[in-house]
Amino acid sequence: MTEHELRTAKVVKNLPNQLFELELGGGKRVKAHLADEMKLKFTRLLPGEEVKVEISPYDPGRGRIISRL
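Here the working numbering is used: the first residue of the sequence shown is 1424, the next is one more, and so on.
This is the structure:
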């Protein structure tokens, strides 16, 4: 099983279909979707909020939002 990289990021923009544009610490931007457990809690994220994100090892431009900080 491959290891996912955990990072903190800031929500920049809400995109359609529960997709978000995030900015990582170095200014790099990635697109990420909500993890299933966050969807069950009906989590709403607004631009400017800090989140913890899992970066995909196969596509470093994509990720999964695990929690809000």
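The C-beta atom is built at its ideal place from N, Cα and C for all residues, glycine as well.
Could you check the C-alpha separation between residue i and residue j for me, to the nearest Å?
i	j	result
K1454	V1476	10 Å
K1433	L1468	10 Å
N1440	E1426	26 Å
F1465	G1450	28 Å
P1480	N1437	23 Å
P1470	L1447	14 Å
Compute the beta-carbon to beta-carbon distance between residue i and residue j, rounded to the nearest angstrom, for a pair I have assumed lies under 8 Å.
i	j	result
R1430	H1456	Between H1456 and R1430 the Cβ distance is about 15 Å, and since that is not below 8 Å, they are no contact.
R1452	L1445	7 Å
E1428	I1478	4 Å
E1398	R1485	Since the first residue shown for the chain is 1424 and the last is 1492, residue 1398 is missing from the structure and cannot be characterised.
Kindly indicate the opening and closing residues of the beta strand (DSSP E) around residue i.
i	result
L1447	1442 to 1447
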